[in-house]
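Worksheet: the structure to be examined is printed underneath.
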Amino acid sequence: MSCRRWLAPLLASSLACATAHAGNIGNVGALSQAQFQNLTGDLGAALSYKDMMPAAPLGITGFDIGLTAMDTRVGQGGALHAATGSGSDNLFVPSLQAQKGLPLGFDVGLTYGRVPGSNVRVIGGDVSYALIGGGLLAPALTVRGTYTRMTGVSEMGLNTRSVELCLSKGFVFITPYIGVGRVRTVGTPHTGTLSAVTVDETKEYVGADINMGLLNLDLEVDRMGGSTSYGANVGWRL
1464 MSCRRWLAPL LASSLACATA HAGNIGNVGA LSQAQFQNLT GDLGAALSYK DMMPAAPLGI
1524 TGFDIGLTAM DTRVGQGGAL HAATGSGSDN LFVPSLQAQK GLPLGFDVGL TYGRVPGSNV
1584 RVIGGDVSYA LIGGGLLAPA LTVRGTYTRM TGVSEMGLNT RSVELCLSKG FVFITPYIGV
1644 GRVRTVGTPH TGTLSAVTVD ETKEYVGADI NMGLLNLDLE VDRMGGSTSY GANVGWRL
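Residues in the sequence shown are numbered consecutively from 1464, following my numbering.
Structure below.
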């Protein structure tokens, strides 16, 4: 798949988001229980941790810091419309991400992002362990645990946890990768008579890391439930 095919959906959806923000989440108390569950699932798809890196560990001296643009077209847009009062089916999340290599094949990461024109913000982190470090002929395989928490929204709380496997193999300047995992999203209402909900979904993703010398470009497509996310990350990696 060419870079043009990867970038076209992201750029198109990002342009749409520039004129059609999701808006503040502020009508949670007016939602039905079913709508609140759908909203929780959609927010989980958009705000769950997306590592945007291949499986190979960074190593004890390695680090990566980059800017990510991730746009998610949610699967249950009606709940998002009701909660925000807008007609947008997209949640666009620019974020700053940092990864640091540790001894013994471990890496750790942090992220902070926000939805433009909205009160939605997200913080999170991940810990990964390389089951197979990879090499000239061997692929890399890593297991990863992640956590994110939504902030800025007074009417509800939300957090996500996931466990996933990622497989990658480098070829000269490009490293394709694929992954699968299980994501648990917990939504807690702070208004009205709604009850807390838990949404468990399978996550699948495919991506490519492109080495451009001093910078790396990562392109990724994620699928979780009925939602699809397109992402790009530009980072400095050592």
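Every residue gets a Cβ at the ideal spot worked out from N, C-alpha and C, and that includes glycine.
If you're wondering where the values come from, they're calculated on a predicted model, not measured in any experiment.
DSSP, read as helix, strand or coil, puts residue 1532 in strand.
Here residue 1521 carries a coil assignment [DSSP, helix/strand/coil]. Boundaries of the beta strand (DSSP E) harbouring residue 1560: 1553-1564, taken from the DSSP string. Its Cα nearest to that of residue 1581, the residue 1557 stands out among 1557, 1655, 1687.
Take residue 1526, set aside five residues on each side of it, and the residues of its chain with a beta-carbon closer than 8 angstroms to its own are 1561, 1562, 1563, 1564, 1700, 1701, in chain order.
For the 8 angstroms CB-CB criterion, residue 1654 and residue 1618 form a contact. Taking residue 1616 as reference, the option from 1584, 1606, 1643 with the minimal CA-CA separation is 1584.
Short of 7 angstroms from the beta carbon of residue 1596, and not among the five residues preceding or following it, lie these beta carbons of its own chain, in chain order: 1519, 1520, 1568, 1603.
When C-alpha distances from residue 1498 are compared across 1552, 1577, 1540, the shortest belongs to 1540. Within the model, the alpha-carbon separation for residue 1577 versus residue 1694 is close to 15 angstroms.
Taken atom to atom, the span from the alpha-carbon of residue 1508 to that of residue 1636 is near 30 angstroms. By the 16-neighbour rule on beta-carbons within 10 angstroms, residue 1534 is buried. With respect to the 8 angstroms criterion, residue 1530 and residue 1623 are not classified as neighbours on the basis of their beta carbons. Close CB contacts of residue 1657 within its chain, under the 8 angstroms cut and outside five residues either way in sequence, are with 1491, 1492, 1494, 1496, 1499 (chain order).
Nearest C-alpha to residue 1505 among 1667, 1648, 1676, 1559: 1648.
For residue 1681, the three-state secondary structure derived from DSSP is strand. In the structure shown, the three-state DSSP call for residue 1587 is strand. Proximity of the stretch 1671-1690 to the stretch 1628-1642 meets the contact definition, three or more beta-carbon pairs being nearer than 8 angstroms. Residue 1523 and residue 1544 have their alpha carbons spaced roughly 45 angstroms apart. When secondary structure is reduced to three states using DSSP, residue 1540 falls in the helix class. Residue 1566 sits exposed, since fewer than 16 C-beta atoms from the chains shown fall within 10 Å of its C-beta.
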